[in-house]
Amino acid sequence: MIDIDVESVEVSLGGARILEGVSLSVPAGSFVAVVGPNGAGKTTLLRTINGVLAPDRGRVLLAGRAVADLSAREVARLAATVPQATELAFEFPVRDVVEMGRTAHRGRFERAGGADRAAVEAAMGRAAVADLADRSVGSVSGGERQRVLLARALAQESPALVLDEPTASLDVHHRVRTLGLVADLVEEGRTAVAAIHDLDLAARFCDSLVVLADGRILASGPPEEVLTESVVERAFGGPVAVDDHPATGTPSVTALEDRDESR
Amino acid sequence: MDRWTRTAAWSAGLAALLAVVSVVAIAHGSVAIDPLTVAKALCNALVVPVGVSVEAAAVRLPSAGQVPWLAVRVEFLAPFSFPVARSDQVIVTRLRAPRVALAAVVGFALATAGTVMQGFFRNPMADPSIIGVSAGAAAGAVASIVFPGVVPMGLQGTAFLGALVVAFGVYLIATERGRTPVATLLLAGVAVQTFLGALVSYMLLLAGDSLERALYWLMGHLSAASWGDVAATLPPALVGFAVLAAYARDLNVLLLGEEEARALGVDAERTKRILLAVSSLVTAGTVAVAGVIGFVGLIVPHVVRLLVGPDHRILLPTSALAGAVFLVATDAVARSGPAELPVGIVTAALGAPFFLYLLRKREVHAL
């Protein structure tokens, strides 16, 4: 079990300040959602957590070790990333794509061993893509591809998971199933941080929410404390109604039409 | 079929094809020799080391007098001695075999480097010379031909050095704060190639009597190949191939994009440096000897990718062998006309229409 700490991180990309003094900590064995409007800096935050971006200021710690001091291989053994559905317009079989998750565990001249094969098969089973194993990844649907990427991250067997919109291209059922799977993995001891668009789903599956707007953290804490009308309206810049969802009992956000013409 | 079986089967098939095509290419020429005789002559030329003996000896050094020394003597045995006419034996082993062997090595090297560059740049237009290796070699070679007194090194040395200096220069131009974005590298390569093209044109204007020789070099050539050329190009091609093959899995991961590769545990910048340096060396080694032979490194990987798929673990060895087969065959065509053509003309003249056909017929637009 490892925890993730982001300490006053600042990131500028192409001259524009994307993140400003962002600090958050994801305790070991918890599931934290990063929510916020488009362009708030969610993806940038996740890219600093998995070491793809080096922050201009501040630092990120995985299990207490500064990401900046770790090799790509060491970071990959600590945190697995599920990217936003990438194109993957090539003809690799799904199994080979999932096997790429084993990159950080294999030596250059090492052939896939029993542990690798077992991890790949188990990951495909859990992400429900086992029946696609021999299909070309270019030929599967967007939702299936997203689950293939999740399987790849599971095959990585890293204690932390970093997920960027893991449900973006999934249908209603697969959204719930995918987030349920991540919640199960967290239950089993992994630590997860995910950018999630759907506030209701974030509230339902995550232990706490971090609201990011304009590169700053607006609020963080358990969903029922964070998802208030005032916070959500400030973050997203439009009127909303927040209720408890009748079926799940967790906070549910409904965006209302912006009727005030003067705004 | 699992991947290892597939790789082995394809490689064995292509190696066998290479052997057959080579024998036919050697048989073919102004004096036709039947393929069976070629095979016999090649067998006759084959030697295997049968024993190594070490004996005490002494070396006389001017400063220290007699110094004890161990002499290593390797004994070779020619296992075959088929009856072959002496003239045929000479034509096969001294004249034609080195040329065919050089064609095979050059094709092997260019296809290897081309495959790696296409994967590395995630760009179907990439070829071994994309960062200016060939343009650098051409500038070096033409300078050495046109100003023979000024350039202190031989033609091949100058071409090799030119290739490496330009490749490294393009890399440095495209690198900022330890990162080398491939798009920048690509554009820097194109710009430098254009500049060197102008330089070469200008030198050709000044060339006078050496113009013909310079043009001939630029068109790519395998004539006058010697076993020495083969010995100079084979080791770098094989060592380079071995290093690149060890990175086949990383190349696959890099196809996903550099960010994802990094998140999966591949140090993208370091891997890129190694791939770039090794494939540039492999290319430079062949271009320096055989001139600029276009299209092999571009078209062969595409055709092979259609057959075996994009996985570099199978693509790299099969492409390399197919490149060897392709260049041996095109060189045989190049020297079969009434006047011998530079092989570069033939690879482009045969390769380009075939490539266009594939482009229309099937989908050669992706990696």
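So the sequences go chain by chain: A and B.
So in this note's numbering, spot 22 of the first sequence is number 40, and the numbers just go up one at a time.
So in this note's numbering, spot 363 of the second sequence is number 369, and the numbers just go up one at a time.
The beta carbon of each residue, even a glycine, is placed where N, CA and C say it ideally should be.
Item: Inter-stretch contact (C-beta, 8 Å, three-pair minimum) for the stretch 287 to 307 of chain B and the stretch 326 to 344 of chain B; Value: yes
Item: Limits of the unbroken beta strand (DSSP E) element including G239(A); Value: 234 to 239
Item: V180(A) vs A94(A) beta-carbon contact at 8 Å; Value: no
Item: Any beta strand (DSSP E) of 3 or more consecutive residues that is wholly inside the stretch 44 to 92 of chain B; Value: 54 to 67, 71 to 83
Item: Simplified DSSP assignment, three categories, for G255(A); Value: coil
Item: Segment contact flag, the stretch 288 to 296 of chain B with the stretch 188 to 205 of chain A, C-beta cutoff 8 Å, min 3 pairs; Value: no
Item: Whole-angstrom distance between A77(B) and R319(B), CA atom to CA atom; Value: 42 Å
Item: Exposed unless 16 or more other CB atoms sit within 10 angstroms - verdict on D317(B); Value: buried
Item: Buried versus exposed call for H123(A) [16 or more other C-beta atoms within 10 Å across all chains shown]; Value: buried
Item: Distance between G343(B) and T336(B) (C-alpha atoms, nearest Å); Value: 12 Å
Item: Close beta carbons around I97(B), own chain, < 7 Å, minus the five adjacent residues each side; Value: V37, I39
Item: Spatially closest choice to S159(A) from E109(A), D152(A), L188(A), A145(A), by CA coordinates; Value: L188(A)
Item: Nonlocal neighbours in the same chain, by C-beta distance under 6 Å from A354(B), ignoring five residues either side; Value: G300, F301
Item: Nearest-angstrom Cα separation, counted from G155(B) out to S17(B); Value: 46 Å
Item: Where S248(A) falls: helix, strand or coil (DSSP); Value: helix
Item: Counted within 10 angstroms of its Cβ, other Cβ atoms place R252(A) as buried (16 or more) or exposed; Value: exposed
Item: Contact the stretch 57 to 69 of chain A vs the stretch 32 to 47 of chain A: 3+ CB pairs below 8 Å; Value: yes
Item: Proximal residues of chain E, C-beta to C-beta of E109(A) below 7 Å; Value: No chain E appears in the structure shown, which is made up of the protein chains A and B.
Item: Terminal residues of the alpha helix (DSSP H) in which V180(A) lies; Value: V180(A) -> not in any alpha helix (DSSP H); beta strand (DSSP E) instead, spanning 178 to 182.
Item: Neighbour flag for E265(B) against chain A, beta carbons, 8 Å; Value: yes
Item: CB of V211(A) within 8 Å of CB of I67(A), strictly; Value: yes
Item: Separation of V80(B) from E265(B), as counted between CA atoms; Value: 52 Å
Item: Exposed unless 16 or more other CB atoms sit within 10 angstroms - verdict on Y363(B); Value: exposed
Item: 8 Å Cβ cut-off: residues of chain A touching D8(B); Value: Chain A residues near D8(B): none, gap ~11 Å exceeds 8 Å.
Item: Residues within the stretch 168 to 199 of chain A neighbouring chain B, beta-carbon criterion of under 7 Å; Value: none
Item: Beta carbon proximity, D114(A) to chain B, threshold 8 Å; Value: yes
Item: Extent of the continuous beta strand (DSSP E) to which P269(A) belongs; Value: 269 to 273
Item: Contact set between N258(B) and chain A, taken where Cβ atoms lie within less than 8 Å; Value: F110, D114, M118
Item: Stretch pair the stretch 142 to 149 of chain B + the stretch 256 to 271 of chain B: three plus CB contacts closer than 8 Å; Value: no
Item: Collapsed DSSP secondary structure at V331(B) in the structure displayed; Value: helix
Item: Distance between G131(A) and G239(A) (C-alpha atoms, nearest Å); Value: 42 Å
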